[in-house]
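Undergrad: Residue numbers (the working numbering), protein chains in the order written: chain A, 78 to 464; chain B, 78 to 464; chain C, 6 to 371; chain D, 6 to 371.
Let me give you the structure first, and then I'll get to my questions.
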Amino acid sequence: MSKTTCVAMILAGGQGSRLGALTKKIAKPAVPFGGKYRIIDFPLSNCANSGIDKVGVLTQYRPLELHNYLGTGDAWDLDKSDGGVFILPPYARDKGADWYKGTADAIYQNLNFIDMVDPEYVLVLSGDHIYTMDYAKMLAAHRANKADATIGVFEVPWDEAPRFGIMNTDEKDGRIVEFEEKPAKPKSNLASMGIYIFNRDFLDKYLKEDATDDNSSHDFGKNIIPTMLKDKARMYSYAFEGYWKDVGTIESLWQANMDLLQDEPPFSFTSAWKIYSNNPSLPPHYLGRDAKVTCSMLNEGSMIMGEVDHSVLFSGVKIGKGAKVTNSVIMPFTVVEENAVIDHAIVAQNCVISAGAHVAGSEGAIAVVPEGETVAAEQASVGQQVS
Amino acid sequence: MSKTTCVAMILAGGQGSRLGALTKKIAKPAVPFGGKYRIIDFPLSNCANSGIDKVGVLTQYRPLELHNYLGTGDAWDLDKSDGGVFILPPYARDKGADWYKGTADAIYQNLNFIDMVDPEYVLVLSGDHIYTMDYAKMLAAHRANKADATIGVFEVPWDEAPRFGIMNTDEKDGRIVEFEEKPAKPKSNLASMGIYIFNRDFLDKYLKEDATDDNSSHDFGKNIIPTMLKDKARMYSYAFEGYWKDVGTIESLWQANMDLLQDEPPFSFTSAWKIYSNNPSLPPHYLGRDAKVTCSMLNEGSMIMGEVDHSVLFSGVKIGKGAKVTNSVIMPFTVVEENAVIDHAIVAQNCVISAGAHVAGSEGAIAVVPEGETVAAEQASVGQQVS
Amino acid sequence: MGNVMGIIRLDGANSMLKELCEHRPVAALPIAGRYRILDFAVSSLVNSGIGHVGVLVSKKARPVFDHLRSGKDWDLARHRDGLAYLPNDGENGNTSALAGLYQNIDFVMRSSAEYVFLVQADTVYNIDFRHVLLFHQNTGADITMVYCKAREDLPGEAASMQVAENGKVTDIAKRMTSTKGSNDFMGIFLMRKDTLVKLVTSTFERGGNSMLVDGIIRHMDEFSIYGYEHKGFSTRINSTMAYFNANKSILNPDIWNELFMSEHPIHTKTKDAAPVQYKNTAKVTNSLIGNGCEIYGEVEDSILFRGVRVAEGVKIKDCIIMEQCQIEQYAMLRDVICDKNVVVSEDQWLKGAENYPLIIAKSTVI
Amino acid sequence: MGNVMGIIRLDGANSMLKELCEHRPVAALPIAGRYRILDFAVSSLVNSGIGHVGVLVSKKARPVFDHLRSGKDWDLARHRDGLAYLPNDGENGNTSALAGLYQNIDFVMRSSAEYVFLVQADTVYNIDFRHVLLFHQNTGADITMVYCKAREDLPGEAASMQVAENGKVTDIAKRMTSTKGSNDFMGIFLMRKDTLVKLVTSTFERGGNSMLVDGIIRHMDEFSIYGYEHKGFSTRINSTMAYFNANKSILNPDIWNELFMSEHPIHTKTKDAAPVQYKNTAKVTNSLIGNGCEIYGEVEDSILFRGVRVAEGVKIKDCIIMEQCQIEQYAMLRDVICDKNVVVSEDQWLKGAENYPLIIAKSTVI
């Protein structure tokens with residue numbers, strides 16, 4: 078009920094076309110991850126845990142389903158009486174509506190939201206990264222540095238640096254001296270995480286200028302940050318240590334799920350820094366007399382009669398007798414019938430894998446069954462897409 | 078938490094251009110009415126009181142401010158964990174976004190929302206009428222009649238009937254036999270209130286057909302209802318008795334406010350059928366030693382040192398010593414300084430009427446001061462618009 | 006059902022529940038790996054469209070406050086109606102539910118409800134109360150009492166009802182044992198609000214202490230009482246064995262499905278526990294495993310609540326292990342009920358009997 | 006202030022509040038036309054960013070449950086932290102706040118908070134507790150006690166503090182009267198959680214009954230205690246006269262503005278009452294009028310709560326009229342406090358004295 082210091086703007090992206098079949102019916106931020114979560118649970122829970130209680134979610138695609146998932150925001154304790162989570166699709170204006178032309182344009186088109194909240198700082202986040210982070214500490218650093226902008230960075234292996242936006246910083250105080258988008262010969266291995274804190278007025282000015290520039294692609298990394306640097310603004314890096322993963326592709330989404338099955342998982346879901354999610358009311362899962370479950374994560378409401386190994390199963394999944402699921406991700410309420418075999422696959426929600434059917438991919442060519450599909454026994458299939 | 082039987086769709090209209098200066102900064106449904114309410118409080122409270130807990134609010138204009146007013150819907154107890162109030166502006170789709178082309182098109186563009194809620198019945202409401210009504214009774218009648226559609230009607234004086242959409246009904250059972258939009262020679266005085274209940278599948282079919290008709294203006298009154306009647310659908314009227322007022326113009330808005338000051342107000346705010354609203358936390362208002370308040374309604378947080386007669390004052394209004402307010406509506410947090418005089422006027426939110434200033438309209442030419450204006454003493458003015 | 010309210014009683018027959026109810030009312034006893042017993046009553050009310058629920062606060066109420074909190078998890082945190090706590094100040098040392106009702110009778114009277122479900126939250130079920138209301142309206146009963154056929158012979162306080170073919174209740178008797186096939190009262194009354202008010206005031210003011218005995222059994226001829234048979238799964242938790250057996254019943258997939266997977270889910274406090282982690286040495290069969298568990302060992306015919314850690318080499322069979330317990334390496338447990346936060350150290354062996362489970366009290370380290 | 010929690014005590018010195026506190030704790034006494042006294046404490050906590058508030062439930066708790074409900078009106082209906090009711094089972098007949106704290110000490114210990122504000126909700130104020138925390142951290146105090154300068158001589162229980170120039174508290178004395186200018190304790194303690202736990206357990210376990218007397222006054226030398234002076238408006242409600250005067254103070258527009266119109270509003274239960282209707286015969290001066298009132302008569306120097314009906318010809322002066330009272334035609338009232346739902350019939354005259362208001366008990370018809 079007190080004035081908002083910092084508003085978070087989550088760029089929940091477009092259709093997520095690199096996730097292909099998984100985003101046919103839902104927006105990318107709503108894609109299930111880690112046995113019970115959706116991707117957007119991570120930035121939202123980080124916000125809740127960091128004490129940020131006003132969040133704008135910028136999405137172009139299927140805002141309704143996202144709205145339905147987020148509800149009032151109560152799962153994240155963001156249901157304040159004056160509103161906590163705001164879904165912000167591009168809406169019709171005097172001159173019709175435009176798609177968001179870039180990350181910066183998305184924020185620009187919602188400056189009226191920021192004006193309404195009237196914060197001192199704007200935290201810009203991306204909606205397709207898995208990590209846990211205390212934004213309050215980053216904000217404290219931003220304030221201590223009297224910065225205009227602070228950019229979250231993490232160290233990547235030197236040989237991977239050319240794939241990232243790289244920050245060259247003053248080693249003493251972390252002030253950013255140069256930014257290179259995907260440099261061939263990186264001078265540093267500090268990569269941008271796509272997490273920015275801006276002073277609100279400062280951001281406002283640059284967004285408005287950028288909006289009038291027809292040559293700009295209205296992107297933070299390509300346009301806004303370089304322009305700010307050119308103007309010698311006080312820009313600092315904030316180093317993040319810990320697990321951080323972009324899950325924008327099928328392979329990386331599968332890999333991030335598998336990462337959770339390591340002996341020492343990359344981060345603990347049981348620590349005080351909880352990841353919240355909007356869950357249906359379901360009972361503990363049941364393992365039958367012939368069940369065999371190893372090296373796996375299972376969620377509530379599932380009933381397992383078969384074998385599961387090295388897999389992540391979401392809520393309400395049914396695995397029939399004699400069925401075998403290995404190295405796979407099975408999303409909510411999918412039914413795997415008796416003696417079906419699934420390996421190296423992502424099976425989306427509400428699918429039926431018929432008795433005796435085979436769904437098999439391999440590392441580097443994960444099989445995908447899109448939402449709501451039924452895979453018949455004779456339809457045994459390998460590789461990137463089953464339908 | 079149980080399945081939704083009936084979803085309400087409130088057509089919260091466009092810019093409300095007939096309300097002119099009052100809707101410069103807010104959408105029409107958010108226009109203050111009756112000392113503490115907003116127009117949309119009436120349909121929303123009717124829904125809450127009728128046990129309808131999923132409501133779509135279709136607006137083309139400033140959805141953010143409306144979202145901020147509605148918050149999570151908690152003021153109306155519509156903040157269910159799976160979402161109660163959904164703001165539905167036209168949003169960008171594959172082919173860009175369109176304004177809602179008519180009342181029917183607005184619902185058509187949001188059929189995906191109705192599909193998501195998956196109700197048996199759809200209640201279509203208008204966002205600019207002041208009335209209290211139990212929709213549950215209307216729904217019961219709809220079911221009892223085994224109707225495809227039921228239309229709320231009320232009796233208007235015969236001489237006013239040509240201004241309305243008129244239903245000609247079978248006197249025995251209320252079945253509608255004919256609908257005439259603004260008939261020169263009305264055969265009945267039963268006017269449509271713009272309140273419809275449709276069976277969901279039935280509505281779905283007609284909306285989809287209408288959407289493909291390039292000659293249609295996509296309006297319920299002009300297109301959908303006549304087509305349904307032509308097809309001999311089972312359409313019934315439901316007679317409403319009580320106060321009902323369209324507040325779509327400055328004059329009617331002013332008049333509806335004045336109606337509340339009658340010795341016997343048109344409806345009781347203190348009955349069990351409460352009108353809920355999203356209120357700031359403000360103390361009881363204070364009347365000073367020299368205050369004189371008669372035939373008026375006052376709300377919380379106001380401080381009155383002057384005279385108020387035949388007026389409706391919203392929350393947080395200050396009336397200075399020696400000031401005189403008569404036959405007027407003063408919206409929230411407006412300050413009327415010492416010795417200012419206001420008569421036959423609507424003064425919007427956050428205005429300052431400077432010491433000694435005069436704002437005077439007359440019946441039929443109500444003076445309007447738009448939101449946030451300061452009226453200087455020398456700017457004394459009469460008639461439709463002050464700024 | 007906007008014209009119906011629910012009132013939850015937290016008391017129950019807990020004399021045979023021993024350590025399990027030392028620090029909590031029966032209603033707050035954890036069950037089925039995730040729930041508390043009152044979840045069944047509260048969820049059934051809410052799922053039947055009843056949005057006004059009063060809770061008669063008893064002694065040892067902290068676990069109930071902790072669990073229900075604002076009522077939000079049941080969509081009962083509302084501006085109008087919603088969840089209301091009804092305190093019992095125990096005037097003259099009388100802390101009975103009847104005294105609590107009497108003290109709060111103005112709350113009942115002020116409600117706009119026409120009917121009241123008075124529910125003792127000590128029984129496991131998933132009922133659509135709308136059917137009970139319809140039955141009540143159709144029979145024209147003054148009072149409807151919901152019962153079920155007892156599934157087995159078991160000791161434990163029970164009220165058995167004689168029900169005529171037309172549903173009329175002709176006799177009620179309280180016994181300390183339940184016989185297979187008898188019509189056991191499930192602790193659910195339905196009546197008009199004014200009937201309840203009259204019943205409570207007239208019984209309490211004449212020195213009565215029990216709604217059932219002093220209010221109804223002693224005045225059978227004054228009311229038209231009907232019995233509504235609930236044909237689904239139902240079991241009253243009135244002894245350790247009843248508790249042990251009820252949990253194990255839920256290992257039957259049919260009962261698990263009936264109670265939890267219908268279109269009317271049982272709601273409970275959300276805790277945001279992570280999915281269960283099965284490690285490479287895990288071996289779990291015929292068991293319910295609550296979220297947040299981490300399992301290296303073997304579990305059979307058991308129920309694990311949230312956040313239990315089962316280390317390597319552990320063998321658990323026929324056990325109920327409540328929240329946050331830690332079973333350390335090579336421990337073996339059979340026919341044991343571990344209350345919350347119990348630690349069983351390395352190499353410990355614990356064994357109760359099939360008809361006499363060993364109960365380990367809350368937060369014990371063994 | 007995510008690392009701070011608040012604990013609200015509902016008890017207070019109500020021996021001099023007579024009929025007004027017969028059915029409610031002081032904390033639930035209606036005040037200022039719309040509020041209950043505890044609104045000031047709860048709102049100040051919430052507005053200072055404290056989202057975890059425990060309420061020590063006392064006897065006569067119904068009005069408190071009715072008012073706070075889920076905590077939603079203060080944004081305290083949350084999944085994590087938020088509002089928590091802390092029951093006091095009054096073991097061994099001990100229903101003191103200290104016994105309540107002791108019974109719930111595990112709740113305090115389990116909290117992730119580092120600091121605790123322990124607040125007795127019997128005082129009117131609008132404080133930013135963040136300033137108190139800063140003061141506490143700067144002085145390095147073990148315990149900070151918030152006080153104000155007494156504004157007048159008044160009988161009523163008061164704890165007066167001797168505060169050195171550097172803020173250190175050198176002495177505390179409890180008296181049955183307050184003297185103008187003395188440093189009156191406002192019932193607000195701030196300390197680290199572990200200090201509180203130690204203080205509560207060691208005091209209670211040694212037979213203590215009062216936090217202030219047995220815990221602190223008797224052990225002044227063991228703690229470093231600092232006093233924080235609140236310079237804004239504050240008044241403790243410990244007698245009928247204090248209550249009467251506090252209400253009338255709020256008729257001063259400066260105090261009305263300070264308490265209610267700052268950027269930190271006082272929240273209370275929303276009731277959706279309609280705006281006040283002034284009729285053509287109304288004449289109201291120097292008064293606060295709550296929503297839902299309907300006024301035909303004359304009101305002067307008075308406070309009317311929500312839903313009061315003042316009929317034609319009525320004259321009300323220097324009165325406090327609580328919710329839903331009806332003052333019928335030509336009745337005249339002066340120096341009267343009408344509790345809720347009082348009806349004063351036609352032509353009745355009622356008069357107390359300026360320093361001895363006449364109190365009409367709840368729901369009386371005169």
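Each residue gets a CB set at the ideal place from its N, CA and C atoms; glycine is no exception.
Could you spell out the range, first to last residue, of the alpha helix (DSSP H) harbouring methionine 193(B)?
TA: On the second sequence, residue 193(B) is found 116 positions in, with the first residue counted as 1. From DSSP, the alpha helix (DSSP H) with methionine 193(B) extends over 188-194.
Undergrad: Using the rule of at least 16 other Cβ atoms within 10 Å of the residue's Cβ for burial, across every protein chain shown, is valine 463(A) buried or exposed?
TA: In the first sequence, residue 463(A) corresponds to position 386, counting from 1. The predicted position of valine 463(A) is uncertain, since its pLDDT is 44 and thus under 50; no value can be drawn from it.
Undergrad: For chain D, find out if any of its Cβ atoms is closer than 8 Å to the Cβ of threonine 273(C); answer yes or no.
TA: By one-based count along the third sequence, residue 273(C) stands at place 268. Chain D, which has no Cβ nearer than 8 Å to the Cβ of threonine 273(C), makes this no.
Undergrad: What first and last residue would you give for the alpha helix (DSSP H) that runs through proline 68(D)?
TA: Here residue 68(D) corresponds to residue number 63 of the fourth sequence, with the count starting at 1. Element bounds for proline 68(D): 67-73.
Undergrad: Under the assumption that isoleucine 365(D) contacts isoleucine 342(D) (Cβ atoms under 8 Å), give the Cβ distance between them as a whole number of angstroms.
TA: The residue you call residue 365(D) lines up with position 360 of the fourth sequence. The residue you call residue 342(D) lines up with position 337 of the fourth sequence. About 7 Å; that satisfies the 8 Å criterion.
Undergrad: Starting from aspartate 199(C), find everything on chain B with Cβ-Cβ shorter than 9 Å and list it in chain order.
TA: As a working mapping, residue 199(C) is identified with position 194 in the third sequence. Per Cβ cutoff of 9 Å: no residues; aspartate 199(C) is ~18 Å from chain B at best.
Undergrad: Between the C-alpha atoms of valine 129(C) and lysine 299(B), what's the straight-line distance to the nearest angstrom?
TA: Counted from its first residue, the third sequence places residue 129(C) at position 124. Counted from its first residue, the second sequence places residue 299(B) at position 222. C-alpha of valine 129(C) to C-alpha of lysine 299(B): approximately 56 Å in a straight line.
Undergrad: State the Cα-Cα distance for the pair isoleucine 116(B) and serine 48(D), rounded to the nearest angstrom.
TA: The count along the second sequence starts at 1 and reaches residue 116(B) at position 39. The count along the fourth sequence starts at 1 and reaches residue 48(D) at position 43. The alpha-carbon atoms of isoleucine 116(B) and serine 48(D) are separated by roughly 30 Å.
Undergrad: Using a Cβ cut-off of 8 Å (strictly closer), state whether aspartate 80(D) contacts chain A.
TA: Start at 1 with the first residue of the fourth sequence, and residue 80(D) comes out as number 75. For aspartate 80(D), the closest Cβ of chain A is nearer than 8 Å.
Undergrad: Select from Val124(D), Phe140(D) and Phe209(D) the residue whose C-alpha is nearest the C-alpha of phenylalanine 3(D).
TA: No answer is possible for residue 3(D): it lies beyond the span of chain D, which begins at 6 and ends at 371.
Undergrad: Using CA coordinates, which residue listed in Met244(B), Arg277(B) and Tyr283(B) is at the minimum distance from lysine 264(B)?
TA: Indexing the second sequence from 1 puts residue 264(B) at position 187. Cα-wise, what sits closest to lysine 264(B) is Met244(B).
Undergrad: Taking its Cβ as the centre, do 16 or more other Cβ atoms sit within 10 Å of histidine 362(B), making it buried, or is it exposed?
TA: For the purposes of this step, residue 362(B) is taken as the residue at position 285 of the second sequence. Classification of histidine 362(B): buried, given that the 10 Å Cβ count is 16 or more.
Undergrad: So with CB distances below 7 Å, who are the chain A contacts of threonine 240(C)?
TA: To locate residue 240(C), count along the third sequence from 1; it is residue 235. Chain A residues near threonine 240(C): none, gap ~16 Å exceeds 7 Å.
Undergrad: Quickly, what does DSSP pair tyrosine 198(B) with across the bridge? List them, please.
TA: One-based indexing of the second sequence puts residue 198(B) at position 121. DSSP, once it has assigned bridges, lists Cys83(B) and Asn276(B) as partnering tyrosine 198(B).
Undergrad: Which residues of the stretch 281-308 of chain D have a Cβ closer than 7 Å to any Cβ of chain B? Give them in chain order.
TA: Val281, Gln282, Tyr283, Lys284, Asn285, Ala287, Val289, Thr290, Asn291, Ser292, Leu293, Ile294, Gly295, Asn296 and Gly297
Undergrad: Run the CB neighbour count on tryptophan 354(C), radius 10 Å, all protein chains shown included, and call it buried at 16 or more, exposed below.
TA: Within the third sequence, residue 354(C) is the residue found at index 349, counting from 1. Exposed, since its Cβ has fewer than 16 Cβ neighbours within 10 Å.
Undergrad: Where does serine 117(D) sit, in a helix, a strand or coil, going by DSSP?
TA: Looking up residue 117(D) in the fourth sequence gives position 112. Taken through DSSP and simplified to helix, strand or coil, serine 117(D) comes out as coil.
Undergrad: Can you check whether the C-beta of valine 463(A) is within less than 8 Å of a C-beta belonging to chain B?
TA: Along the first sequence, one-based indexing puts residue 463(A) at 386. Caution applies to valine 463(A), whose pLDDT of 44 falls short of 50 and renders its modelled position unreliable; the model cannot decide the point.
Undergrad: Counting contacts by CB-CB distance shorter than 8 Å, is phenylalanine 190(A) in contact with chain B?
TA: What you label residue 190(A) is simply residue 113 of the first sequence in a count that begins at 1. Yes, contact with chain B.
Undergrad: Can the beta-carbon of valine 394(B) be found closer than 8 Å to that of threonine 411(B)?
TA: The count along the second sequence starts at 1 and reaches residue 394(B) at position 317. The count along the second sequence starts at 1 and reaches residue 411(B) at position 334. Closer than 8 Å, so yes.
Undergrad: Tell me, to the nearest whole angstrom, how far the beta carbon of isoleucine 443(A) is from that of tryptophan 331(A); I am working on the premise that it is less than 8 Å.
TA: Residue 443(A) sits at position 366 when you count from the first residue of the first sequence. Residue 331(A) sits at position 254 when you count from the first residue of the first sequence. Confirmed, Cβ separation roughly 5 Å.
Undergrad: Going by other Cβ atoms of all chains shown within 10 Å of its Cβ, with 16 needed for buried, is threonine 245(C) buried or exposed?
TA: Translated into the one-based positions of the third sequence, residue 245(C) becomes position 240. Looking at its Cβ environment, which holds 16 or more other Cβ atoms inside 10 Å, threonine 245(C) is buried.
Undergrad: In whole angstroms, give me the CA-to-CA distance for asparagine 145(A) and alanine 152(A).
TA: Taking the first residue of the first sequence as 1, we reach residue 145(A) at position 68. Taking the first residue of the first sequence as 1, we reach residue 152(A) at position 75. Cα to Cα, the separation comes out at about 12 Å.
Undergrad: Are the C-beta atoms of histidine 435(A) and some chain B residue less than 8 Å apart?
TA: If you number the first sequence from 1, residue 435(A) lands on position 358. In terms of beta-carbon proximity, histidine 435(A) stays away from the interface with chain B, with every pair separated by 8 Å or more.
Undergrad: Any idea which residues DSSP pairs tryptophan 354(C) with across the strands?
TA: In the third sequence, residue 354(C) corresponds to position 349, counting from 1. Answer by DSSP bridge pairing, in chain order: Met337(C).
Undergrad: Would you say phenylalanine 70(D) lies against chain C (beta-carbon separation less than 8 Å)?
TA: Within the fourth sequence, numbered from 1, the residue matching residue 70(D) stands at position 65. True, the Cβ-Cβ gap to chain C drops below 8 Å.
Undergrad: What are the start and end residues of each continuous alpha helix (DSSP H) run of 4 or more residues lying completely inside the stretch 404-453 of chain B, in chain order?
TA: Listed in chain order, nothing qualifies, since the stretch 404-453 of chain B has no complete alpha helix (DSSP H) run of 4 or more residues.
Undergrad: Against chain B, does alanine 37(D) count as a neighbour if the rule is that its beta carbon must be under 8 Å from one of theirs?
TA: Residue mapping note: residue 37(D) aligns to position 32 of the fourth sequence, counting from 1. So, interface residue.
Undergrad: Report the three-state DSSP secondary structure of glycine 251(B) (helix, strand or coil).
TA: To locate residue 251(B), count along the second sequence from 1; it is residue 174. Of the three classes helix, strand and coil, the one that applies to glycine 251(B) here is coil, per DSSP.
Undergrad: Return helix, strand or coil for tryptophan 321(B), following the three-state DSSP convention.
TA: For this step, residue 321(B) is matched to residue 244 along the second sequence. In the three-state reduction of the DSSP assignment, tryptophan 321(B) falls in the strand class, which pools E and B.
Undergrad: Does DSSP classify methionine 78(B) as helix, strand or coil?
TA: Within the second sequence, residue 78(B) is the residue found at index 1, counting from 1. Residue confidence is low: methionine 78(B) scores 41 on pLDDT, short of 50, so the model does not pin down where it sits. No coordinate-derived value is stated.
Undergrad: Go through its chain and collect everything with a Cβ distance to leucine 293(D)'s Cβ below 6 Å, but skip five positions before and after it.
TA: Your numbering for residue 293(D) matches position 288 in the fourth sequence. So the qualifying residues of the chain are Gly38 and Ile308.
Undergrad: Given a limit of 9 Å on CB to CB distance, which residues of the stretch 80-109 of chain C reach chain D?
TA: Leu81, Ala82, Arg83, His84, Arg85, Gly87, Leu88, Ala89, Tyr90, Leu91, Pro92, Asp94, Gly95, Gln108 and Asn109
Undergrad: When you compare the CB positions of glutamate 448(B) and lysine 105(B), do they come within less than 8 Å of one another, or not?
TA: Within the second sequence, the letter at position 371 stands for residue 448(B). Within the second sequence, the letter at position 28 stands for residue 105(B). Contact flag unset, no.
Undergrad: Touching or not, the stretch 263-274 of chain D and the stretch 176-194 of chain D, by the rule of three or more beta carbon pairs under 8 Å?
TA: no
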